[in-house]
Amino acid sequence: MALLIPKVAERLEAFEAAGRADLASYAGDDRETVETVFLFDTYHRYLKDFDKLIRDQVEAGDEPCPVLFARKALSEMRRRGFEPHEAVRYFAMLYQLRRAYHFIGQGMVGRSRSMKELRRHLWNNVITHNIRWYARHLMDRMEDFSTLLLGETGPGRAPRPRPLAARG
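Using the numbering used here, the letters of the sequence shown correspond one by one to residues 8 to 175.
So this is what it looks like as structure tokens:
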């Protein structure tokens, strides 16, 4: 990823310089591909800002925190051809993804095979492995689902713990 992110940003700069960075210029599969690249770039461009917002929000508790970078990010997305409502929706999705990564990927400690499996199952249960499917079908319905984790409690020293993630 460390090599990919700057390479994508570099290619997008050339894309924009050539006047090709407008979603309205594309249709069908081409539009979906270009949209995905734009979202990838936006996510990684604002990664540190999302992380700071998450940390600030955890500290603030129930008190909402201002999203100081939202105006700039949304403006960039609209410049690339996202409709205003699409830009807001996708920006919210990127925030949800980063929050999920923070709490699943970093908040659950442990490097054992069973912990890695638990994180993978939990991610696939909450977000899925298909971001398009998540955006179309789950994003606005997250409160409709619960995740129940079953398995032995304790420090994870059992020979073969089998935590299960189930949506119900």
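Note that beta-carbon positions come from the ideal geometry of N, C-alpha and C, so glycine has one too.
- The residue from 32, 157, 136, 70 with its alpha-carbon nearest to that of residue 107 is 136.
- Assignment of alpha helix (DSSP H) within the segment 107–138, counting only whole runs of 4 or more residues, yields 120–133 in chain order.
- Taken atom to atom, the span from the alpha-carbon of residue 155 to that of residue 123 is near 17 Å.
- Judged by beta-carbon spacing, residue 105 lies within the 8 Å limit of residue 61, meaning their Cβ atoms are closer than that value.
- In this structure, DSSP gives residue 90 a state outside helix and strand, which the three-state scheme calls coil.
- For a cut-off of 8 Å, the C-beta gap from residue 97 to residue 115 is around 26 Å, too long to register as a contact.
- In the three-state DSSP reduction, residue 68 falls in the coil class, being neither helix nor strand.
- In terms of Cβ geometry, residue 102 and residue 57 form a close pair [threshold 8 Å].
- With a 10 Å radius around the Cβ and a threshold of 16 neighbouring Cβ atoms, residue 8 comes out exposed.
- Straight-line spacing of the CA atoms in residue 126 and residue 112 works out to 7 Å.
- A residue is called buried once 16 or more other Cβ atoms fall within 10 Å of its Cβ, and residue 27, having fewer, is exposed.
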